[in-house]
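Note sheet for the following structure.
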Ligand SMILES: NC(=O)c1ccc[n+]([C@@H]2O[C@H](COP(=O)([O-])OP(=O)(O)OC[C@H]3O[C@@H](n4cnc5c(N)ncnc54)[C@H](OP(=O)(O)O)[C@@H]3O)[C@@H](O)[C@H]2O)c1
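Residue numbers (my numbering): 120 to 453.
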């Protein structure tokens, strides 16, 4: 039987590279591309088929920041498939990231210069906004839309006839200091992206506690720093070109500059090869690239506690009940 793998955000960047690499691993997969833009999904599908003509590739339209779209897509997937073997929760945004030049200059004269260059911590300003569902957009896209998708796909994932897995594209930029249980949507903060990635790490831990006994395993990965649609616009193209020799040199000091989506997909593909039961639920799996350009995977213990993960999960369940009731109320009125 063909394994069925769903990838959100498969239209570009690491999601698209991941699809290509998964088909190189196993061209017998049924790959379902979960994308918000049907034209971009079709372009990705055509390119993947050109590289692997025997592959079975379909797509489903989903905007993960729009809760109705998530519910519709999940219903469509339940109609189409009996089971899902793996879901990559990869779609994500960093809203209008801009380089804070003064923070960069100050950082060069601090002891944290390498750390700053590796994680971009404190270097990017972002502008979050509120979605039509009344949620913070970064939280809705990176976390809650995916949480709802997993909840709605549980019947396909927890079938009891072998393990299924979730893989979240998190980040090295997930920081405990930027997350608060009291403001988990990050309405009042300046680091919505980091907060959302930390929330993702907590959620993965909580899902393992809830669903391992039903055969569903969750892992988190970081693809490293890549040039993709998300990051390329932060600086003018010529600045990236000027920076490139420095980044290549930095690779001898730190291994997080994967640079290409192909390299960035390393940990995501590596996870696919592992038995999900054998993975550490408290580790984040990192794509890494050496100074000489070889790519490998490392594991890092996540800076979180299971009690917070559990409490966050319950907050998400409450929010789910609330938003579903709101959507039903709106439907009843129209
Ligand atoms: N780039 C990095 O250095 C880096 C580092 C660490 C982690 N990551 C993570 O890697 C993941 C992929 O990002 P990327 O770097 O590959 O950037 P990207 O090329 O911009 O890919 C983002 C993907 O997410 C999709 N997407 C965005 N909002 C969506 C929505 N509301 N509904 C459905 N799909 C949506 C995009 O679709 P469209 O094609 O329609 O825009 C695109 O396919 C993200 O979760 C990101 O946080 C990236």
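Note that the Cβ used here is the ideal one computed from N, Cα and C, for glycine as well.
Exercise. Any heavy atom of ligand 1 closer than 6 Å to the CB of residue 375?
Worked result: No, ligand 1 has no heavy atom inside 6 Å of this Cβ.
Problem set entry | Sheet register partners of residue 151 (DSSP bridge) | In the DSSP output, where bridge partners are listed per residue, residue 151 has 125 and 177.
For this session: Give every residue of the same chain whose Cβ lies closer than 6 Å to the Cβ of residue 219, excluding the five residues on either side of it in the sequence, and list them in chain order.
Result: The answer, listed in chain order, is 242 and 244.
Exercise. Residue 210: beta carbon under 6 Å from a heavy atom of ligand 1?
Worked result: For ligand 1, a non-hydrogen atom lies closer than 6 Å to the CB of residue 210.
Exercise. Under 7 Å between the Cβ atoms of residue 127 and residue 210?
Worked result: With respect to residue 210, residue 127 sits close: the two C-beta atoms are nearer than 7 Å.
For this session: Excluding the 5 residues preceding and the 5 following residue 315 in the sequence, name in chain order all residues of the same chain whose CB lies nearer than 6 Å to its CB.
Result: Excluding its 5 nearest sequence neighbours in each direction, residue 315 has C-beta neighbours in its own chain below 6 Å: 257, 258, 261 and 262, listed in chain order.
Exercise. In angstroms, rounded to a whole number, what distance separates the CA positions of residue 307 and residue 298?
Worked result: Taking the straight line joining both Cα atoms gives about 11 Å.
For this session: Say yes only if the C-beta of residue 282 is nearer than 6 Å to one or more non-hydrogen atoms of ligand 1, and no if none qualify.
Result: The answer is no for residue 282.
Exercise. Using the rule of at least 16 other Cβ atoms within 10 Å of the residue's Cβ for burial, across every protein chain shown, is residue 194 buried or exposed?
Worked result: Around the beta carbon of residue 194, a 10 Å sphere encloses fewer than 16 other beta carbons of the protein chains shown; the residue is thus reported as exposed.
Exercise. With 16 other CB atoms within 10 Å as the buried threshold, where does residue 240 fall?
Worked result: Of the residues assessed, residue 240 falls on the buried side of the cut-off, its CB having 16 or more other CB atoms within 10 angstroms.
Problem set entry | C-alpha gap between residue 147 and residue 124, whole angstroms | Cα atoms of residue 147 and residue 124: separation of roughly 11 Å, rounded to the nearest angstrom.
For this session: Could you check the C-alpha separation between residue 137 and residue 388 for me, to the nearest Å?
Result: Residue 137 and residue 388: Cα-Cα distance of roughly 7 Å.
For this session: Using beta-carbon positions only, say whether residue 286 and residue 340 come within less than 7 Å of one another.
Result: Going by C-beta atoms, residue 286 is nearer than 7 Å to residue 340.
For this session: Please determine if the segment 319–326 and the segment 421–438 are in contact, where contact requires at least 3 C-beta pairs separated by less than 8 Å.
Result: Yes, the segment 319–326 touches the segment 421–438.
For this session: May I ask you to check if the CB of residue 342 is nearer than 6 Å to at least one heavy atom of ligand 1?
Result: Judged by the Cβ position, residue 342 qualifies as a neighbour of ligand 1 at the 6 Å threshold, a heavy atom of the ligand being closer than this.
Exercise. Cβ of residue 235 within 6 Å of any heavy atom in ligand 1?
Worked result: Residue 235 Cβ: outside cutoff for every heavy atom of ligand 1.
For this session: Starting from residue 420, follow the beta strand (DSSP E) in both directions and report where the run begins and ends.
Result: Start and end: 414–420.
Exercise. Would you say the beta carbon of residue 156 comes nearer than 6 Å to a heavy atom of ligand 1?
Worked result: Yes.
Problem set entry | Pick from 403, 412, 409 and 232 that is closest to residue 422, judged by C-alpha positions | For the options 403, 412, 409 and 232, the alpha carbon positioned closest to that of residue 422 is the one of 403.
Exercise. Are there three or more Cβ pairs, one per stretch, closer than 8 Å when the segment 331–351 is compared with the segment 376–387?
Worked result: As far as the Cβ criterion goes, the segment 331–351 touches the segment 376–387, which means the pair count is three or higher.
Problem set entry | Continuous alpha helix (DSSP H) stretch holding residue 193: start and end | Looking at the DSSP string, the run of the alpha helix (DSSP H) that includes residue 193 is 186–199.
For this session: Name the two residues that bound the continuous alpha helix (DSSP H) containing residue 283.
Result: Per DSSP, residue 283 belongs to no alpha helix (DSSP H); it is in the beta strand (DSSP E), 283–288.
For this session: Within its chain, find whatever has a CB closer than 7 Å to the CB of residue 312; leave out the 5 residues flanking it on each side and keep chain order.
Result: Counting only Cβ-Cβ distances below 7 Å, and skipping sequence neighbours, we find 213, 245, 257 and 292.
For this session: Report the partner residues of residue 340 according to the DSSP bridge assignment.
Result: BP columns for residue 340 point to 288 and 404.
For this session: Look at the alpha carbon of residue 375 and the alpha carbon of residue 406, and state the distance between them as a whole number of angstroms.
Result: Straight-line Cα distance between these residues: approximately 7 Å.
Problem set entry | Inter-stretch contact at 8 Å, needing at least 3 Cβ pairs: the segment 408–420 / the segment 167–184 | No: fewer than three Cβ pairs fall under 8 Å.
Exercise. If you follow the beta strand (DSSP E) that residue 89 is part of, which residue opens it and which one closes it?
Worked result: Residue 89 lies beyond the range of the chain shown here (120 to 453); nothing can be said about it.
Exercise. Mind checking whether residue 290 and residue 320 have CB atoms under 7 Å apart?
Worked result: No; because the gap between Cβ atoms is not below 7 Å, this pair is not in contact.
Problem set entry | Assumed close pair residue 363, residue 132 - CB separation to whole angstroms, cut-off 8 Å | By a beta-carbon distance limit of 8 Å, residue 363 does not contact residue 132. Their separation comes to about 18 Å.
Problem set entry | Beta-carbon proximity check, residue 401 vs residue 335, cutoff 7 Å | Contact flag unset, no.
Exercise. Can residue 154 and residue 192 be called in contact, C-beta distance under 7 Å?
Worked result: Contact: no.
Exercise. Is residue 230 near ligand 1, going by C-beta to nearest heavy atom under 6 Å?
Worked result: For ligand 1, not one heavy atom lies less than 6 Å from the Cβ of residue 230.
For this session: Measure the C-alpha to C-alpha separation of residue 227 and residue 366 and round it to an integer number of angstroms.
Result: Computed Cα separation, rounded: 15 Å.
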